[in-house]
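Protein chains in written order, with our numbering: chain A, 362 to 571; chain B, 362 to 571. Note that CB positions come from ideal geometry on N, CA and C, so glycine has one too. This one's a predicted model, so the numbers in the text were calculated from it and none came from an experiment.
There are 2 protein chains.
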Amino acid sequence: MRHDEAVSTTENPETTARRRGRRPAGQDTRTALVEAARAVFAENGYDGATVRAIATRAGVDAAMVNHWFGSKEGLFAHAVLELPFDPLELQAALRDGPAHELGERIVRTFLTRWDGAGGDVFQALIRSITGHEQAGRVLRDFFQRFFTALITSIGSDRIPLRMTLCASQLVGMGMIRYVAKFEPMTTADIETLVRAVAPNLQRYLTGDIG
Amino acid sequence: MRHDEAVSTTENPETTARRRGRRPAGQDTRTALVEAARAVFAENGYDGATVRAIATRAGVDAAMVNHWFGSKEGLFAHAVLELPFDPLELQAALRDGPAHELGERIVRTFLTRWDGAGGDVFQALIRSITGHEQAGRVLRDFFQRFFTALITSIGSDRIPLRMTLCASQLVGMGMIRYVAKFEPMTTADIETLVRAVAPNLQRYLTGDIG
DNA sequence: TCCGCAATTCAATGAATGTTGAATTCGAGG
DNA sequence: CCTCGAATTCAACATTCATTGAATTGCGGA
């Protein structure tokens, strides 16, 4: 939307267009680009997001993407594909507590994360499954590591099938809540969804799946 | 993959390139375009699919898309957005049989369709949720009509929430099986998935969801 | 048989996008 | 204080894509 006159804090107020050359210190354009990229990739997916849109959102020129990350591809790899959380670490944290409430803890944890800070990375991933080969692979690796360790630790059988079943429920919930935006799932509060979804996830983890 | 020399059945074998002008009768390019469009949209989503790729697959020139459908947009509307099946009709057919096996019939029916003839339309829809505004709306309308009528008929409460819960499980299963392709869900046979998923869907339809 | 019209291909156009190189400006070390 | 290098913007390029208009060819009715 707004893409010019974002220069109000510049030292020379008489020049409306931003000056060339090195900008005053203290502005980390690299970080700004990563954050803008996560937001724009989350909204539009990999090939829906343009380098110009990301740069505009970060308040810099589009050439900065190539300067700092080599290419749009490189920016996507740094901003989205390198997940900011470790699946094994997250899984270990969720093991504490009664095993029959595991599904509950999982649903609550994922919804809380996706609603909050790291959520755009997840949205960027599932929105880029089409359009970027590695997005699906990264998502799959994450769920595989996460659920394989978890299901193994509670001693259930048929680990690969249970893993994909759990993934299907979580990905589906993410798609409906954040991407396709079906009401009332989009605006439902977290605890309502925990009560509704957790027992189903629990069955995939420890129940009889035929 | 193959994109030229698909002209082996032409009347003049000495001309390698296809002649201009009207082609011999009996070739319904309009239908060929619709079928090719469903396949290519299913593989690549709306903006991943190029008009040239669709036309090549149909064996005609890209300009035919504009001639017959006005635009890429128009072709998408005819080939994907106008669903070839009626949700209410489908729902009515699934009502026959015991209510506690409803989830089973639903999972089996959807997997059978998606694996078979009309499956590319569904894949095209979910692959185009990013990139095409109306894709999500059409998908939502379908599930809403389908599940709202169904849940109403069996007398459960909280119809909108149950509808989105069911949609989340079915969309998630479709994403994992056809789009993201996590093993073993991609190659699992239908009855295995029915046994695994149907009880969860059944709970969303008639169970206690908190 | 002949003629108008529709179907088809071809070539070109304009817009959008990722990328690059030159020009410019600031920060820091000597 | 001066100079070198890094950061930044700007303009231009090459490519890809959907779309369009002209040219061409077969079908079907009179």
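Between the stretch 420-432 of chain A and the stretch 492-505 of chain B, the count of Cβ pairs shorter than 8 Å is below three; the stretches do not touch. Distance between Leu554 of chain A and Thr392 of chain A, taken at the CA atoms: about 34 Å.
Considered as a whole, the stretch 397-421 of chain A harbours 412-419 as its complete alpha helix (DSSP H) runs of no fewer than 4 residues, in chain order. Between Arg519 of chain B and Ile570 of chain B, the CB-CB gap stays under 8 Å.
Of all residues in the stretch 487-498 of chain A, the ones placed with a Cβ closer than 7 Å to any Cβ belonging to chain B are Arg488, Ile490, Thr491, Gly492 and Gly497, in chain order. Using beta-carbon distances, Ile551 of chain A does not count as an interface residue toward chain B, since no partner is under 8 Å. DSSP, read as helix, strand or coil, puts Lys542 of chain B in coil. In terms of CA proximity to Val532 of chain B, B:Phe483 leads the group B:Phe483, B:Gly492 and B:Pro545. In this structure Ile487 of chain B touches Met536 of chain B by the C-beta definition: roughly 6 Å separates them, less than 8 Å. Gly406 of chain A and Tyr407 of chain B have their alpha carbons spaced roughly 12 Å apart.
Chain order gives the chain A residues near Ile570 of chain B as Arg556 and Ala557, where near means a beta carbon separation below 8 Å. Under a criterion of Cβ atoms nearer than 8 Å, the residues of chain A adjacent to Gln530 of chain B are, in order, Ser529, Gln530, Gly533 and Asn561. Taking a C-beta cut-off of 9 Å against chain A, none of the residues of the stretch 422-440 of chain B qualify.
Ile515 of chain A sits exposed, since fewer than 16 C-beta atoms from the chains shown fall within 10 Å of its C-beta.
Comparing C-alpha distances from Arg538 of chain B to each of A:Ala559, A:Gln563 and A:Ile490 shows the shortest one belongs to A:Ile490. The Cβ neighbour count for Gln388 of chain B, taken over all protein chains shown within 10 Å, is under 16; the residue is labelled exposed.
At a cut-off of 8 Å between beta-carbon atoms, Ala393 of chain B makes no contact with chain A. Listed along chain A, the residues sitting closer than 8 Å to Glu544 of chain B by beta-carbon distance are Pro521 and Thr525. Within chain A, the residues whose beta carbon sits less than 7 Å from that of Ile537 of chain B are Thr525, Ala528, Ser529 and Val532, listed in sequence order.
In the displayed model, Gln388 of chain A falls within coil according to three-state DSSP, outside both helix and strand. Taking C-beta separations shorter than 7 Å and ignoring five residues to either side along the sequence, the partners of Thr509 of chain A in its chain run Ile520 and Met524, following chain order.
Taking C-beta separations shorter than 7 Å and ignoring five residues to either side along the sequence, Gly409 of chain A has no partners in its chain.
Going by DSSP, Gly480 of chain A is part of the alpha helix (DSSP H) stretching over Gly480 to Arg488. From the beta-carbon of Asp481 of chain A, no residue of chain B is found nearer than 8 Å; the closest lies around 14 Å away. Its Cα nearest to that of Gln563 of chain B, the residue B:Cys527 stands out among B:Cys527, B:Ile551 and B:Ser432.
DSSP, read as helix, strand or coil, puts Leu562 of chain A in helix. Membership of Pro521 of chain A in the alpha helix (DSSP H) is indicated by the continuous run Ile520 to Gly535. DSSP places Leu444 of chain B in the coil class of the three-state scheme, outside both helix and strand. The beta carbon of Leu436 of chain A sits closer than 6 Å to the beta carbons of Ala398, Val426 and Phe430 from its chain, once the five residues preceding and following it are set aside; these are given in chain order. Against chain A, a Cβ distance below 9 Å from Ala414 of chain B picks out nothing, because the smallest value is about 14 Å. Contacts with chain A at 8 Å (Cβ-Cβ) include Arg564 of chain B. Residue environment analysis places Pro445 of chain B among the exposed positions, since fewer than 16 neighbouring C-beta atoms fall within 10 angstroms of its C-beta.
Nearest CB-CB separation between Asp457 of chain B and chain A: not below the 8 Å threshold. In the three-state reduction of the DSSP assignment, Ile467 of chain B falls in the helix class.
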